Structure formats: C-alpha cells, structure tokens
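Participant: Under numbering that gives the first Met the number 0, think of the first position of the sequence shown as 0, with each following residue one higher. Ideal Cβ positions, reconstructed from N, Cα and C, are used throughout, including at glycine. Since the model is a prediction, treat every value here as computed from it, not as a measurement. Dropping the structure in here first, questions after.
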Amino acid sequence: MIFNSLDFLLFFPIVYFLYLKTTHKVQNRMLLVASYFFYGYWDVRYLVLLFVSSVIDYIASIGIENSSDNLKRKKLYLTLSVCSNLGILGFFKYYNFFVVSAKDALGGLGFSVNPVLLNYALPLGISFYTFQTMSYTIDVYRGELKPVRNFFDFALFVSFFPQLVAGPIERATRLLPQVLSERKISYDELQKGAFLCLLGFFKKVFVADNLSFIVDPIFSNKSATGFEVFIACWAFFFQIYGDFSGYSDIARGLSKFMGFELMRNFNLPMFSSNIVDLWKRWHISFMTWLRDYLYYSLGGSKVSVFRQHANNIITFFVSGLWHGASWHFVLWGLYGGILTSLYRIMQPYIPKLGGDNIRFIKNGKLIIKIFFTVGLFAISAVFFRASEVSVSFLLLKKLFFEFGLIDPILFEKVLKIIFLLVLIEIHQYRTNDEFSIFKLSTGVRTIAYLAMFYSILILGNFNKNEFIYFVF
0 MIFNSLDFLL
10 FFPIVYFLYL
20 KTTHKVQNRM
30 LLVASYFFYG
40 YWDVRYLVLL
50 FVSSVIDYIA
60 SIGIENSSDN
70 LKRKKLYLTL
80 SVCSNLGILG
90 FFKYYNFFVV
100 SAKDALGGLG
110 FSVNPVLLNY
120 ALPLGISFYT
130 FQTMSYTIDV
140 YRGELKPVRN
150 FFDFALFVSF
160 FPQLVAGPIE
170 RATRLLPQVL
180 SERKISYDEL
190 QKGAFLCLLG
200 FFKKVFVADN
210 LSFIVDPIFS
220 NKSATGFEVF
230 IACWAFFFQI
240 YGDFSGYSDI
250 ARGLSKFMGF
260 ELMRNFNLPM
270 FSSNIVDLWK
280 RWHISFMTWL
290 RDYLYYSLGG
300 SKVSVFRQHA
310 NNIITFFVSG
320 LWHGASWHFV
330 LWGLYGGILT
340 SLYRIMQPYI
350 PKLGGDNIRF
360 IKNGKLIIKI
370 FFTVGLFAIS
380 AVFFRASEVS
390 VSFLLLKKLF
400 FEFGLIDPIL
410 FEKVLKIIFL
420 LVLIEIHQYR
430 TNDEFSIFKL
440 STGVRTIAYL
450 AMFYSILILG
460 NFNKNEFIYF
470 VF
C-alpha cells in the first residue's frame, strides 16, 4: 500500500475517521493497529521483524535505565540493541552482497568457492525503522531521555505509518513526546497538512514519475551521448528530489491531520551555494543521524584535521552502503565524502562570490555558485542511478569525452516538467517560508492550486507507482 494508490485512498479516510472519534489512549492503540496493517499489507511475514526490533529495544532501554549504577550491564544492554538491529539489517540487506564480494575477492586469488545465496525480498523500510529504533536506545544510554514504560506507545513510535517505510527518520526526543501527550488539531495545521499533501503528490506523480520517462531510457542506453547523460543526471536530480521529498511532504501532511509534527527532510536543496550546504539541506533526518551517532562517535571535529576528513569520508561511505548493497552506492557515498572534504580544505582559498541573497535573481554570482553546486551533486547520478560500477564509469567517460551534439528538445522536455516546481520553491526561498503560498493573494494561490491539481490528475504518470526510496 503506497500513498499514491487507490488502496491508501480508502485506508486513510477510514483510519482518520476512527482517529477523530476516539480518545488519546484509544487513538494510540488504533494507530498502532493501523500501522501494522499498513506495513503487513505488503508482506505480513515482515511484521515479525518490525515487532522483534520493537521488543528488543523496549527491553534494552528499560534494562539500561535499571542498570544506571552498573556500567558494564548498561553497556551490555546497549550492545544487545545495536548488534541485534544491525544484525537483522545486515542479514536481510547485505548478506548476498558481502558473500558475492568475498567470492570475487577469493576468485581473484585463485580460489574457487560456491557460496549459498539467499533469495528473498528486502523488508520494506528496514533501513529507516532500524535507525529510528536504534537511536532511541542510544539516546536512553546517553541519558537524553527516559525509556517509555508502555510498550504499545513505544511500538507506535517505531511503526507510525506515515513515515514508517521512507522516513523522515524521527528522533525519540521529538516524536515520542507527541505520542505520549494528547494532540490538538488546529485549522492552521490542517491547512498546512493539505498543502503538503498536494505538493507531495505533485512532486511525485507529475515531476518525478514523468521525469522517469526521460531518465530511465538514457541510463539503460549504452549508446547515449554525453549530452544525453548530462541531461539525464540533472533530470535524475529533480526526479529523486521530487520522489523522495514528495514522500516526506505527504508523510508530514498526513501527520499534521492527526496532530503530529514530523521534521522537515529537505530544505530547498536546489538553492545550495556550496556542496556542504547542499548536504545540510538534503535528507536531513538521515544526515543528522549519521552526524550525531557516527561522525561524533568517531571524534567529529575534536580530532586532528586529517582525522576530521577521514571521519567525514567514513560517514559518507556508510551513507552510500546504507542506500544499497552494491559497490556503485559505495562509490556514490565516497564521492560525496571526498567532495565535502575537498570543499572544506579549499574553502579558505575560494573567492567569496556573495552569500545567500534573498534577491538572488539579481545576483549572478550566487546563481553561478548554485548551478555549479547542484551540477556537482547531479553528476553523482552516474553512481547512484547506474546498475553497476562498470556502467558508472562508462557514463562518466561519455559525459567528459563523448559529449556529442546538443539536443534542445530534450532540455525543453525537462524544463517543462520542473518549471512549476522551481517557481514554487523560488518563492519559498525568497520568503524563507515553507508555507509562503499562504502569503499570496487568493487569486494567485488558487491558480497555483489548480495548476498542481491539473498537473497531477491530467498530466501525471500513474503507471510508475513505487517511491524510489522504498527499496532502501
């Protein structure tokens, strides 16, 4: 069951009606049942994994709290949580990858092995809910929050259906207080929730899924020209942004209907003035998770300059591996780590071209910085989107050495799809307000709504349903 399906359009109104008709305590139980039904709708067998992860971290967190005077036992409970979560994630997501990689390495040394490979579907959203529930136990260990004694409330925190399968990866310090307290629903929040849902469906059904008709054929065509690869990289940037931020917007919008406030997962990344700035605006819940639980644990910026950059590259390496059990994802992560480290090294020597100017259209220098930054990020599509490493390097070769003729029609197709989205985000950027649309006159706002509805219902692509990040 996905947001842009008929099943969900039947599921959510029923859940919401029951939610509004019940008290807070019953609401939490009902949402837990709805969340398990939502997840089990894909494959009921994987509900066991979700439940087991919840039970382990529930027990571990209480064990940590009860062992406050025994550091050894406290660490034992934390180890139970981390090893169990990473063990389940590693087995289901990375077993075949590591086995095949080991086989290839041994084969290169002259050894012949025939390992047993497993044939199963990756449990949906396992990377997301594993990191969410694991961070809870770590926070309890660090003394940043008290463990929840009611298992059903904790299980709802882990499985809350709007953000269960593709985030945002919420922190317990943010989401759990909302689970535990009585929630109020205001007209203002309903209005914002409706806008986020509309914007999210527009990004997904019109922008992302229509761009797939341009991106997919080029990335699967070994005869594509360098110009086509160039356009496909830029188009994929907008496709994955529309797809992933669209999901996050819908998740946040649905949550607002029920009185929950989820964190903003993307903050206008297409207006980033440098590569470090872009990563602060992109998949924020995940990148801040890596910062707080991995980068800082490695020493963060409190170590030597060399170690700082090593820690940064290790963090991005893990980011790539988290996205997929394949070497091309690892290269994608390393590319991001190397770029951000290079920027920090070179930053003192880079001429200042102007900062974030709210009237940036008149600031040509800032526009150049933005295009250069997003262009560097877009190039990473040759690693992220390619099916394997050899294809990535073939695409890079074409991009830099076999550019070919420029096709203005291909450029025009992409521009037509992203035009309205760019206009909306320019206004958000200029006003520094995600909900700047409510500041427009009624007439202009109505035109914007109608344009998005028309794009979804008439011009939208309803054949490509799944969100890209579901496979992660």
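Which residues mark the beginning and the end of the alpha helix (DSSP H) in which Lys396 is found?
Facilitator: 388 to 400
Participant: Please report the straight-line C-alpha distance between Phe410 and Lys203, rounded to a whole angstrom.
Facilitator: Rounded to the nearest angstrom, the two C-alpha atoms are 20 Å apart.
Participant: Return the residue from the list His322, Ile455, Glu424 that minimises the CA-CA distance to Phe383.
Facilitator: Ranked by Cα distance from Phe383, the first of His322, Ile455, Glu424 is His322.
Participant: Counting only the same chain and skipping the five closest in sequence on each side, list residues whose C-beta sits under 8 Å from that of Val329.
Facilitator: A distance below 8 Å between beta-carbons, with the five flanking residues on each side excluded, links Val329 to the following residues of its chain, in chain order: Phe316, Gly319, Leu320.
Participant: Under the assumption that Pro176 contacts Ile61 (Cβ atoms under 8 Å), give the Cβ distance between them as a whole number of angstroms.
Facilitator: With 8 Å as the limit, Pro176 and Ile61 do not qualify as a contact, their Cβ atoms being about 18 Å apart.
Participant: Leaving aside the five residues before and after His327 along the sequence, list all residues of the same chain whose C-beta is less than 7 Å from its C-beta, in chain order.
Facilitator: Phe382, Ala385, Glu387, Val388, Ser391
Participant: Roughly how many whole angstroms lie between the Cα atoms of Phe96 and Tyr45?
Facilitator: When the Cα atoms are used, Phe96 and Tyr45 turn out to be separated by approximately 21 Å.
Participant: Report yes if the CB atom of Asn209 is closer than 8 Å to the CB atom of Ile416, and no otherwise.
Facilitator: yes
Participant: What's the call for Tyr119, buried or exposed, on a 16-neighbour Cβ count within 10 Å?
Facilitator: Label assigned to Tyr119: exposed.
Participant: Determine the extent of the alpha helix (DSSP H) in which Lys24 is found, giving its start and end residues.
Facilitator: 23 to 39
Participant: Need the endpoints of the alpha helix (DSSP H) that Asn264 sits in, please.
Facilitator: That residue, Asn264, is in no alpha helix (DSSP H); it is neither H nor E in DSSP.
Participant: Quick one: grab the DSSP three-state call for Val14.
Facilitator: helix
Participant: How close, in whole Å, do the beta carbons of Ser134 and Tyr35 come, if the pair is a contact with beta carbons under 8 Å?
Facilitator: About 21 Å separates the two Cβ atoms, so there is no contact after all.
Participant: Please list, in chain order, all residues of the same chain as Gly354 whose beta carbon is under 6 Å from its beta carbon, the five residues on each side excluded.
Facilitator: Caution is warranted here: a pLDDT of 48 is assigned to Gly354, below 50, making its placement in the model unreliable, and no coordinate value can be reported.
Participant: Identify whether Asp103 lies in helix, strand or coil by the three-state DSSP scheme.
Facilitator: helix
Participant: Starting from Glu411 and walking both ways along the alpha helix (DSSP H), at which residues does that stretch end?
Facilitator: 407 to 430
Participant: Apart from the five residues just before and just after Gly124, which ones in its own chain have a Cβ nearer than 8 Å to its Cβ?
Facilitator: Tyr38, Leu163, Val164, Ala165, Phe469
Participant: Report the rounded CA-to-CA distance for Phe11 versus Thr78, giving the unit in angstroms.
Facilitator: 38 Å
Participant: Going by other Cβ atoms of all chains shown within 10 Å of its Cβ, with 16 needed for buried, is Ser303 buried or exposed?
Facilitator: exposed
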